[in-house]
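Residue numbers (the numbering used here): 3 to 282.
Below is one structure; the comments refer to it alone.
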Ligand SMILES: [Zn+2]
């Protein structure tokens, strides 16, 4: 079994939006921002190779809506064909794509234009694409807040190609990769739990987008149900502390992974890791 990251690019997000009601004087000690109050966020995706499967978790924002999304200053957008080749794989070999959720910064490269740009097609032609059922329903009928974060062309071609798989309850995709449902940020977010030898790596997605968001009450202003987000984060962190699971951060521009410990009822970093250190 092998784990690799694909850094699918970065973007700028308003620090106030990312940290919700937390005052800037407090959050800026934990996450830097520029003079315009923008924080750099990564789109760090994961590639898992097992005996039977080649799994990609999230695909970044892609290039289809870059003009429309220029406010976010997307940079270094990765091409998955190229990045997979560097790792010795091809897009056609991908058996499964797991989408934590369908906001544009998580699923944009799941589809692409065909050669003559006449059609949008799945980037991974032979893969099953896994999405939480509640997330799919939300994508089809978004609420007012999330409407701007969903683009039909990122996922409808996947559904039309018959490659969409909906997850109704926690399940295993293969013996090494489990997906669990977490609510709050958005309905039916999938969190992959990767059982890697004796270790478990948790792809935290937007439940905990970066290490600075470990405090339970620090949730983003984008979250649709903030109290649920806090309860779900507590559920994730209490198990992570107890079992010393390794949290993998999709959006953290400065920290890839960490373990946590519970001290006086609060969760603190136990040890930070690079993904490469977990492999060895
Ligand atoms: Zn996100």
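C-beta atoms are modelled at their ideal positions from N, C-alpha and C, and glycine is treated no differently.
Item to check | Continuous beta strand (DSSP E) stretch holding residue 202: start and end | outcome: Here the question's residue 202 lines up with position 200 in the chain shown. First-last of the beta strand (DSSP E) with residue 202: 201-205.
Checklist entry - Closest to residue 77 by CA distance: which of 58, 101, 52, 107 is it? => result Position 75 of the chain shown, counted from the first residue, corresponds to residue 77. When each option's Cα is compared against that of residue 77, the closest is 107.
Checklist entry - Three or more C-beta pairs closer than 8 Å, one from the region 14-28 and one from the region 45-54: is that the case here? => result They do not touch, by the three-pair rule.
Next on the checklist: Taking only three categories from DSSP, how would you classify residue 45?
Outcome noted: Mapped onto the chain shown, residue 45 falls at position 43. In the structure shown, residue 45 sits in a strand (DSSP, three-state: E or B).
Checklist entry - Below 9 Å between beta carbons: does that hold for residue 212 and residue 48? => result Here residue 212 corresponds to residue number 210 of the chain shown, with the count starting at 1. Here residue 48 corresponds to residue number 46 of the chain shown, with the count starting at 1. No; because the gap between Cβ atoms is not below 9 Å, this pair is not in contact.
Item to check | Counted within 10 angstroms of its Cβ, other Cβ atoms place residue 45 as buried (16 or more) or exposed | outcome: Translated into the one-based positions of the chain shown, residue 45 becomes position 43. It is buried - the Cβ of residue 45 has at least 16 other Cβ atoms within 10 Å.
Checklist entry - Counting only runs that start and end within the region 37-124, where is the beta strand (DSSP E) found for 3 or more residues in a row? => result Qualifying beta strand (DSSP E) stretches, in chain order: 40-51, 56-59, 98-100, 113-115, 122-124.
Checklist entry - According to the neighbour-count rule (16 or more other Cβ atoms, all chains shown, within 10 Å of its Cβ), is residue 185 buried or exposed? => result Walking along the chain shown from the start, residue 185 turns up at place 183. Under this definition residue 185 is a buried residue.
Next on the checklist: Tell me the DSSP secondary structure of residue 194 in three-state form.
Outcome noted: Start at 1 with the first residue of the chain shown, and residue 194 comes out as number 192. DSSP places residue 194 in the strand class (E or B) of the three-state scheme.
Checklist entry - Any idea if residue 147 is buried or exposed, counting beta-carbon neighbours within 10 angstroms, 16 or more meaning buried? => result Counted from its first residue, the chain shown places residue 147 at position 145. Exposed, by the Cβ-count rule.
Item to check | Three-state secondary structure assigned by DSSP to residue 134 | outcome: Here residue 134 refers to the residue found at position 132 of the chain shown. Note: residue 134 maps to strand in three-state DSSP.
Checklist entry - Helix, strand or coil: which one does DSSP assign to residue 3? => result Sequence index remark: in the chain shown, residue 3 carries index 1 (1-based). Coil, per DSSP.
Next on the checklist: Under 8 Å: does the beta carbon of residue 254 sit that close to some heavy atom of ligand 1?
Outcome noted: For the purposes of this step, residue 254 is identified with residue 252 of the chain shown, where counting begins at 1. Every heavy atom of ligand 1 is 8 Å or more from the Cβ of residue 254, so no.
Checklist entry - CB-CB under 8 Å to residue 282, same chain, minus the five flanking residues each way: which ones, in chain order? => result In the chain shown, the residue the question calls residue 282 occupies position 280. Legend: pLDDT at residue 282 = 47, less than 50; position of this residue unreliable, no value from coordinates given.
Checklist entry - Looking at C-alpha atoms only, which residue of 235, 205, 69, 25 is the closest neighbour of residue 101? => result Within the chain shown, the letter at position 99 stands for residue 101. Of the candidates 235, 205, 69, 25, the one whose C-alpha sits nearest the C-alpha of residue 101 is 205.
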